[in-house]
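In UniProt numbering, the protein residues as written are 1 to 196.
Don't be surprised by glycine CBs; every beta carbon is placed ideally from N, CA and C.
Everything below concerns the one structure shown next.
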Amino acid sequence: MKIVIINYGAGNIQSIMFAIERLGFKAILSNNPEEILAADKVIFPGVGEASSAMAKLRESGLDSLIPKLKQPVLGICLGMQLMCKSSEEGNTKGLGIFDVDVIKFTSKVKVPQMGWNQIYDLKSDLFKGISENEFMYLVHSFYAPNCDEAIATTDYELEYASALQKDNFYGTQFHPEKSGAVGEKILENFLKIPIS
Numbered sequence: 001m002k003i004v005i006i007n008y009g010a011g012n013i014q015s016i017m018f019a020i021e022r023l024g025f026k027a028i029l030s031n032n033p034e035e036i037l038a039a040d041k042v043i044f045p046g047v048g049e050a051s052s053a054m055a056k057l058r059e060s061g062l063d064s065l066i067p068k069l070k071q072p073v074l075g076i077c078l079g080m081q082l083m084c085k086s087s088e089e090g091n092t093k094g095l096g097i098f099d100v101d102v103i104k105f106t107s108k109v110k111v112p113q114m115g116w117n118q119i120y121d122l123k124s125d126l127f128k129g130i131s132e133n134e135f136m137y138l139v140h141s142f143y144a145p146n147c148d149e150a151i152a153t154t155d156y157e158l159e160y161a162s163a164l165q166k167d168n169f170y171g172t173q174f175h176p177e178k179s180g181a182v183g184e185k186i187l188e189n190f191l192k193i194p195i196s
């Protein structure tokens, strides 16, 4: 299986690589459109600030490539947020895959949300064998509100979408690669999703 992690200078890539290796697979890092198109599975990570990350995607033409991918694609953290219509962070236009706008938590709660929180209302093969209310690791100041594409929910100040799915596109606000055995099971489930 050919797994490509999109390398656009805004990802916590090593920990994802190690998690995939622990599952018995190898991934390659690439921003080459041909390699990404030829992959069986694509992982779109992201750490950092939305507007500068989108600028990097536009520079490399990946902003137009990613929404056209036909194989299973997993956006993680900022990667998921960039797959949405827009983000309040840097007033950023996103890739428009998920029909939701990313907004900031208010000052009523500690921002960023950092650490472990529960996921529930699980609705996808991504969560096969995962119990409701499992704890996952999160670090974020912005969130996707609950919407029709939500496949997991988390409560922090309010209930929000901690995972999204539309067609072959999946996104997790939490970091499966940093969430222990449960997170690795979610990654494994993603790698098992058939290519339609």
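- When C-alpha distances from residue 136 are compared across 142, 145 and 119, the shortest belongs to 119.
- According to the DSSP secondary-structure assignment, residue 53 is paired through a beta bridge with no residue.
- Between residue 4 and residue 42 the beta-carbon gap is near 5 Å, inside 8 Å, which marks them as a contact.
- A straight-line Cα-Cα distance of about 30 Å links residue 114 and residue 59.
- The three-state secondary structure of residue 131, taken from DSSP, is coil.
- In the three-state reduction of the DSSP assignment, residue 125 falls in the helix class.
- Counting along the chain, residue 19 sits inside the alpha helix (DSSP H) bounded by residues 13 to 22.
- Remark: three or more beta-carbon pairs, one from each stretch, lie closer than 8 Å, so the region 64 to 79 and the region 24 to 43 are flagged as touching.
- Below 8 Å, enough C-beta pairs join the region 4 to 19 and the region 48 to 64 to call them touching: three or more.
- Within the same chain, Cβ atoms closer than 6 Å to the Cβ of residue 143 are found at 160, the five residues on either side in sequence being excluded.
- By the C-beta density criterion, residue 181 is exposed, having fewer than 16 other C-beta atoms within 10 angstroms.
- Closest in C-alpha terms to residue 67, from the list 193, 96 and 129, comes 96.
- For residue 114, the enclosing beta strand (DSSP E) begins and ends at 113 to 119.
- In the structure shown, residue 59 adopts helical secondary structure according to DSSP, grouped into three states.
- Sequence-distant Cβ neighbours of residue 147 in its own chain, meaning closer than 8 Å and more than five residues away, are 98, 99, 100, 161 and 164.
- In this structure, the alpha-carbon of residue 50 lies about 32 Å from that of residue 24.
- Counting the other Cβ atoms within 10 Å of the Cβ of residue 26 gives fewer than 16, which makes it exposed.
- Per the coordinates, the alpha-carbon of residue 34 lies some 13 Å from the alpha-carbon of residue 70.
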